[in-house]
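**Student:** Starting off with a structure, shown below.
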Amino acid sequence: MIRTSYTYAAPDTLEEALSLVGQDGQQVLTGDQSLIGQLKQGIAQPQTLVSLRKIPGMANIDATAGDVQLGALVTYADLSRHSALAGIPALAEAVNTIQDPHLRNHSTIGGALYQGGPIHGPVLAVLAALDAEAVLATQAGEKRVAITELLQNGSSGLLTSGQLLKGVVVPLNQDVTCTYLPLEQLPGQHARKGIAVGFRRTAEGQADQTRLVVAGFTPFPARFDGVDGSVSQLQLEQTMATWLTTVPAGFQRHLIKVLINRALSTIGVS
Ligand SMILES: Cc1cc2nc3c(=O)[nH]c(=O)nc-3n(C[C@H](O)[C@H](O)[C@H](O)COP(=O)(O)OP(=O)(O)OC[C@H]3O[C@@H](n4cnc5c(N)ncnc54)[C@H](O)[C@@H]3O)c2cc1C
Numbered sequence: 040m041i042r043t044s045y046t047y048a049a050p051d052t053l054e055e056a057l058s059l060v061g062q063d064g065q066q067v068l069t070g071d072q073s074l075i076g077q078l079k080q081g082i083a084q085p086q087t088l089v090s091l092r093k094i095p096g097m098a099n100i101d102a103t104a105g106d107v108q109l110g111a112l113v114t115y116a117d118l119s120r121h122s123a124l125a126g127i128p129a130l131a132e133a134v135n136t137i138q139d140p141h142l143r144n145h146s147t148i149g150g151a152l153y154q155g156g157p158i159h160g161p162v163l164a165v166l167a168a169l170d171a172e173a174v175l176a177t178q179a180g181e182k183r184v185a186i187t188e189l190l191q192n193g194s195s196g197l198l199t200s201g202q203l204l205k206g207v208v209v210p211l212n213q214d215v216t217c218t219y220l221p222l223e224q225l226p227g228q229h230a231r232k233g234i235a236v237g238f239r240r241t242a243e244g245q246a247d248q249t250r251l252v253v254a255g256f257t258p259f260p261a262r263f264d265g266v267d268g269s270v271s272q273l274q275l276e277q278t279m280a281t282w283l284t285t286v287p288a289g290f291q292r293h294l295i296k297v298l299i300n301r302a303l304s305t306i307g308v309s
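Quick note on numbering: the sequence shown equals residues 40 to 309 in my numbering.
Here is the structure:
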């Protein structure tokens with residue numbers, strides 16, 4: 040039972056939604072999967088819920104030669120049915136880790152980015168490794184922010200500044216190779232831990248501009264940059280030791296190290 044009283048708005052245009060999002064006490068609603076539960080528990084106490092469901096284009100997937108644009112209301116089921124996913128195999132692999140039909144059909148990309156949570160880790164990690172960007176809209180206009188930046192800073196500060204997440208742009212860069220390596224789980228367990236690795240090859244065939252993004256250990260995936268094919272084993276150990284201080288200690292650090300080593304040997308750095 041929801042004990043808080045609030046106003047519900049489902050505007051027909053983005054402009055109208057943004058005028059509401061700029062006001063105190065409002066909260067955006069997309070797939071309803073987390074927010075309604077938070078309302079029932081009294082954790083969220085908005086004065087106005089602003090649903091984005093009627094705004095044209097918010098559930099669209101638009102593929103061009105250069106990128107794939109996902110509206111904030113796109114679900115994992117929408118994505119898995121779209122032909123564009125065949126061109127981004129790492130993203131297809133990550134989407135495939137979400138097997139729960141309820142979450143596949145109802146969780147939105149906007150909610151995943153805003154809220155985080157382990158189930159979204161593989162998809163968010165691949166988006167970061169691909170250098171995807173979030174499109175943030177305000178009444179003053181739109182701007183793009185690297186998903187990596189949102190992951191580092193946590194995106195839940197968005198609404199205080201009157202912004203909403205309009206969607207995500209995934210670049211289709213032929214120079215970038217990306218793959219997702221899940222950590223094998225026992226049967227019946229969710230494959231939420233894994234590593235996304237994106238890189239370019241130099242003319243000499245070495246990996247360059249490597250991005251490693253570890254999913255499932257922290258609320259939002261952690262991205263580690265700065266390793267290329269010319270790195271020495273000692274430099275690699277030192278870099279890895281620095282990275283690992285930013286993630287939980289104990290066996291989890293060991294697992295992350297295993298994943299990083301696996302990713303690096305996949306691309307020929309180790
Ligand atoms: C039965 C069930 C089981 C679940 N199990 C898991 C689980 O095992 N692991 C897990 O990680 N999660 C789990 N979840 C949570 C689920 O993953 C949520 O779907 C997810 O967190 C996002 O929810 P949503 O897309 O429905 O967004 P909503 O619930 O509508 O919104 C979530 C938050 O994001 C904000 N928001 C959403 N869209 C935007 C936007 N476009 N711009 C700005 N802010 C926005 C909202 O204001 C709200 O604060 C479960 C949920 C259910 C119902």
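Here a beta-carbon is modelled for each residue, glycine too, at the ideal position from N, C-alpha and C. Being a predicted model, the structure only gives us computed values, none of them experimental.
(1) Starting from the C-beta of residue 87, find all residues in its chain whose C-beta is less than 8 Å away, skip the five residues before and the five after it, and write them out in chain order.
(2) Report the option in 93, 92 and 74 whose CA atom is closest to the CA atom of residue 85.
(3) On the three-state DSSP scale, how would you describe residue 149?
(4) Tell me the DSSP bridge mates of residue 247?
(5) If you run the structure through DSSP and keep just helix, strand and coil, what is residue 65?
(6) Pair every Cβ in the stretch 233-244 with every Cβ in the stretch 139-153, then say whether three or more of these pairs are closer than 8 Å.
(7) Do residue 91 and residue 69 come within 8 Å of each other at the CB atom, strictly closer than that value?
(8) What residues in its chain sit with their C-beta under 8 Å from that of residue 183, if we drop five residues either side in the sequence?
(9) Given 8 Å as the limit, is there contact between the stretch 285-302 and the stretch 217-226, that is, 3 or more CB pairs closer than that?
(10) Please report the straight-line C-alpha distance between residue 241 and residue 290, rounded to a whole angstrom.
(11) Just to confirm the assignment: which complete alpha helix (DSSP H) runs, minimum length 4, are found wholly within the stretch 151-185?
(12) As an exercise, report each continuous beta strand (DSSP E) stretch of at least 3 residues that is fully enclosed by the stretch 79-114, in chain order.
(13) When burial is assigned at 16 or more other CB atoms within 10 Å of the CB, is residue 113 buried or exposed?
(14) Sort 122, 95, 264 and 127 by Cα distance to residue 188 and report the nearest one.
(15) Could you work out which residue in 244, 204 and 206 is closest to residue 354 when comparing CA atoms only?
(16) Does the stretch 144-151 come within contact of the stretch 94-113, defined as at least 3 CB pairs closer than 8 Å?
(17) Taking 8 Å as the threshold (C-beta atoms), are residue 260 and residue 129 in contact?
(18) According to DSSP, is residue 42 part of a helix, a strand, or is it coil?
(19) Beta-carbon separation of residue 281 and residue 267 under 8 Å?
(20) Which of the three DSSP states is assigned to residue 134 in this structure?
(21) Please indicate yes or no: does the CB of residue 67 lie closer than 7 Å to some heavy atom of ligand 1?
(22) Starting from residue 290, trace the alpha helix (DSSP H) in both directions and tell me its first and last residue.
(23) Cβ of residue 94 within 7 Å of any heavy atom in ligand 1?
(24) Using C-beta distances below 7 Å, list every residue in its chain close to residue 83, excluding the 5 sequence neighbours before and after it, in chain order.
**Tutor:** In terms of the structure at hand:
(1) 45, 46, 47, 48, 59, 62, 64, 65 and 66.
(2) Ranked by Cα distance from residue 85, the options 93, 92 and 74 are led by 74.
(3) Helix.
(4) The partner list for residue 247 (beta bridge, DSSP) reads 239.
(5) Three-state DSSP puts residue 65 in a strand.
(6) At 8 Å Cβ cutoff, the stretches do not touch.
(7) At the C-beta level, residue 69 and residue 91 come within 8 Å of one another.
(8) Hits under 8 Å: 172, 173, 174, 175 and 208.
(9) Contact holds: three or more Cβ-Cβ distances are below 8 Å.
(10) C-alpha separation (whole angstroms): 35 Å.
(11) Qualifying alpha helix (DSSP H) stretches, in chain order: 160-168.
(12) Runs found: 87-90, 100-102 and 106-110.
(13) Result: buried.
(14) Nearest of 122, 95, 264 and 127 to residue 188, Cα basis: 264.
(15) Not covered by the structure: residue 354. The range shown for the chain is 40 to 309.
(16) Yes, since at least three Cβ pairs between the stretch 144-151 and the stretch 94-113 fall closer than 8 Å, the two stretches touch.
(17) Not closer than 8 Å, so no.
(18) Reduced to three states, the DSSP call for residue 42 is coil.
(19) The Cβ atoms of residue 281 and residue 267 lie no closer than 8 Å to each other.
(20) Of the three classes helix, strand and coil, the one that applies to residue 134 here is helix, per DSSP.
(21) Yes.
(22) That run of the alpha helix (DSSP H) goes 290-305.
(23) Every heavy atom of ligand 1 is 7 Å or more from the Cβ of residue 94, so no.
(24) The residues 66, 74 and 77, in chain order, have a CB closer than 7 Å to that of residue 83 in the same chain once the five nearest residues on each side in sequence are set aside.
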